[in-house]
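Beneath this line is the structure, given in structure tokens, with notes to follow.
Protein chains in written order, with this note's numbering: chain W, 209 to 488; chain S, 30 to 450.
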């Protein structure tokens, strides 16, 4: 009987590991409460000691939209697929800001939370994941402005709006996909911190936010689709404005690209996560 | 009947030198990656195994094997840098072993630091939940223990105040209160009892004793031999990454203290973080009580031995030590110019000694910045050259002792009512 007891399997086994593997999703699920606490902390703390507080969440996309409308829409006469330019820009700026913000936060998350990483164990994926989800609160605030604008411009919602959650989810996954790579690289190479602002700026222009996809020459469309944010932005326009030609081959390419980035990111993150505490 | 809680088999952890302090830049990594294949080919031609690209390595811990039974409380002692913290980090799963295997039977909770994840902007109440979750408690668990935690921490009135407005004492008390209510099967504790005021330390010690009696398995790292003696029947001594001794605390602790008296010298020659023109180099520093032994207490007199080295004899030398509190507040300046008793000329290499009067400093950690000047110019300076702990001792007949947090000095005093009549 005693020998039976001695042979019970250990509850955990720590050994050197090698090779590539996916994260242990069951374990992450077990840490869901910590995940929500981190989201809650990020949300609570974000606008502490700021004058305008949560208004920042609305002001950022709103002011960008105003600037775009003046310079691209009005002065530049950029077409906007027959929608009022402000609406056209704002529907794309919404997911864009979600993406840019979540990307920045999750990319820096391991470094800003290094106190946790070096002192307590939990699946590290929780940290960038929580950063992405925390970004949804800002998104929700900015979304109310869109509803007001649509009412003002008299644009009616179609049944397509029901698919919007799917595209919000897609935006989060895209942020996570890129954020995972950046977060893991940032632990070792602090260059990433300086790359992120540049990256988001650059990315803004290769994504059809200020201009419609139709401006891109037909033969370049598939290549253009390699941008995983294309699918998100076009998806948003389709769901919110009912823009008929939004979903096409390049969107499909874009989604596939996101999946590749995400899976690669998960593998890479899991591979280097064990060394975070040693390196950060 | 054996009921193992934790088993370590030939556990080792290798670090790359510099890995812990330095962030590689992308450029370096690209260069290394470019050189990598070539390096590997060269190494293979010489018949060597592939070295980790371009870096020296060292073993922070190696060949460590032991078993811990359920309900055992094990003390972990060793000098700074001996590998104690690495051991806890491995057990806490913060980092992965390079070789060997650790099997655990039960939920592990670690207390490597109090207040991990406390956010200054959040209130005490919010931080209890956040910190609890980070330490691995379930929300329901925190809720059920909430009142107990608040009561233990003695911060009831400030529950809704952001912790950035707390005094450091309040902060520590709250942090420890959360941690003390963690109930894993295996608990790892690192030095956290050495915080807060004395009364609170006693309370924590009491709590730790309760934990030990509840049949929880505990690993307890500390420099405070008195705490190790009180809490842990068994102790493991780690020295230079290897398990030096494991057994009854009384015996291991005795051997350890004997050995540290021998090797209480802190080498400084290899320290890269130094300033000055380096015309003289500080080689080592040894701090011990004049009375002998290794325990420095409130009533000890300090004896400091400084070993130096230079190319030529030292003209107009001046040795200078700052003895500071951990918060950087200076306690004493030991300055050879104060006494003027160091000759104007010293040999090119040698030792100087400074002996002080009674310390009269409250218990706690002190550190020492060390500098040497030649003809008024700074030759060499090493900050935080050494640390030492001032242990509590019965200074006042009543046993009253004030805490470092509030006061540095201890002084003989007489109180009496003034008899006007």
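Beta carbons are placed, not taken as given, at the ideal position from N, Cα and C, and that holds for glycine.
is_contact[residue i, chain S] using C-beta, thresh 8 Å
i: residue 329 of chain W; result: yes
i: residue 479 of chain W; result: no
i: residue 224 of chain W; result: yes
i: residue 365 of chain W; result: no
i: residue 231 of chain W; result: no
i: residue 253 of chain W; result: yes
i: residue 245 of chain W; result: yes
i: residue 346 of chain W; result: no
i: residue 391 of chain W; result: no
i: residue 326 of chain W; result: yes
N-terminal and C-terminal residue of the beta strand (DSSP E) that residue i is part of
i: residue 413 of chain S; result: 406-420
i: residue 294 of chain S; result: 294-296
i: residue 154 of chain S; result: Unbroken run through residue 154 of chain S is the alpha helix (DSSP H), 153-163; no beta strand (DSSP E).
i: residue 335 of chain S; result: 330-339
i: residue 37 of chain S; result: 33-45
i: residue 246 of chain S; result: 246-250
i: residue 401 of chain S; result: 393-403
i: residue 446 of chain W; result: Looking at the DSSP string, residue 446 of chain W is not in any beta strand (DSSP E); the run it does join, the alpha helix (DSSP H), is 436-449.
i: residue 361 of chain S; result: 359-364
i: residue 318 of chain S; result: 309-318
i: residue 220 of chain W; result: 220-222
i: residue 202 of chain S; result: Premise fails: residue 202 of chain S lies in the alpha helix (DSSP H), 197-209, not in any beta strand (DSSP E).
Residue i (DSSP reduced to helix, strand or coil)
i: residue 370 of chain S; result: coil
i: residue 261 of chain S; result: coil
i: residue 387 of chain S; result: strand
i: residue 351 of chain S; result: strand
i: residue 324 of chain S; result: coil
i: residue 211 of chain W; result: Confidence at residue 211 of chain W is low in this model, with a pLDDT of 41, below 50, so the placement of that residue is unreliable and no value is reported for it.
i: residue 404 of chain W; result: helix
i: residue 291 of chain W; result: coil
i: residue 272 of chain W; result: helix
Residue j beta carbon less than 8 Å from that of residue i
i: residue 139 of chain S; j: residue 217 of chain S; result: yes
i: residue 39 of chain S; j: residue 128 of chain S; result: yes
i: residue 316 of chain W; j: residue 401 of chain W; result: yes
i: residue 90 of chain S; j: residue 115 of chain S; result: yes
i: residue 197 of chain S; j: residue 434 of chain S; result: yes
i: residue 417 of chain W; j: residue 238 of chain W; result: no
i: residue 249 of chain W; j: residue 35 of chain S; result: no
i: residue 430 of chain W; j: residue 458 of chain W; result: yes
i: residue 269 of chain W; j: residue 333 of chain W; result: no
i: residue 363 of chain S; j: residue 309 of chain S; result: no
i: residue 318 of chain W; j: residue 444 of chain W; result: no
i: residue 300 of chain W; j: residue 368 of chain W; result: no
i: residue 130 of chain S; j: residue 86 of chain S; result: no
Where the alpha helix (DSSP H) containing residue i begins and where it ends
i: residue 333 of chain W; result: From DSSP, residue 333 of chain W is part of no alpha helix (DSSP H); its letter is neither H nor E.
i: residue 236 of chain W; result: 233-238
i: residue 171 of chain S; result: 168-182
i: residue 85 of chain S; result: Neither: residue 85 of chain S is in no alpha helix (DSSP H) and is coded neither H nor E.
Cβ neighbour criterion (16 or more within 10 Å) applied to residue i
i: residue 307 of chain W; result: buried
i: residue 221 of chain W; result: exposed
i: residue 376 of chain W; result: buried
i: residue 278 of chain W; result: exposed
i: residue 321 of chain W; result: buried
i: residue 394 of chain W; result: buried
i: residue 414 of chain W; result: exposed
i: residue 422 of chain W; result: exposed
i: residue 255 of chain S; result: exposed
i: residue 233 of chain S; result: buried
i: residue 385 of chain W; result: buried
i: residue 380 of chain W; result: buried
i: residue 358 of chain S; result: exposed
i: residue 305 of chain W; result: buried
Proximity test, residue i beta-carbon vs the ligand SAM heavy atom, cut-off 7 Å
i: residue 405 of chain S; result: No copy of the ligand SAM occurs in the structure displayed, which carries no ligand at all.
Residue i at chain W interface by Cβ criterion, 8 Å
i: residue 148 of chain S; result: yes
i: residue 81 of chain S; result: Unreliable placement is indicated for residue 81 of chain S, whose pLDDT of 47 sits below 50; the coordinate value is still reported in the next sentence. So no, residue 81 of chain S is outside the interface.
i: residue 118 of chain S; result: yes
i: residue 244 of chain S; result: no
i: residue 78 of chain S; result: Note on residue 78 of chain S: pLDDT 45, under 50, position unreliable in the model; the coordinate value appears next. With 8 Å as the cut-off, residue 78 of chain S does not count as an interface residue toward chain W.
i: residue 122 of chain S; result: yes
i: residue 87 of chain S; result: no
i: residue 167 of chain S; result: yes
i: residue 50 of chain S; result: At residue 50 of chain S the pLDDT is 43, less than 50, meaning the model places this residue with poor confidence; the figure from the coordinates comes in the next sentence. For residue 50 of chain S, the answer is no, since every Cβ of chain W falls outside 8 Å of its Cβ.
i: residue 145 of chain S; result: yes
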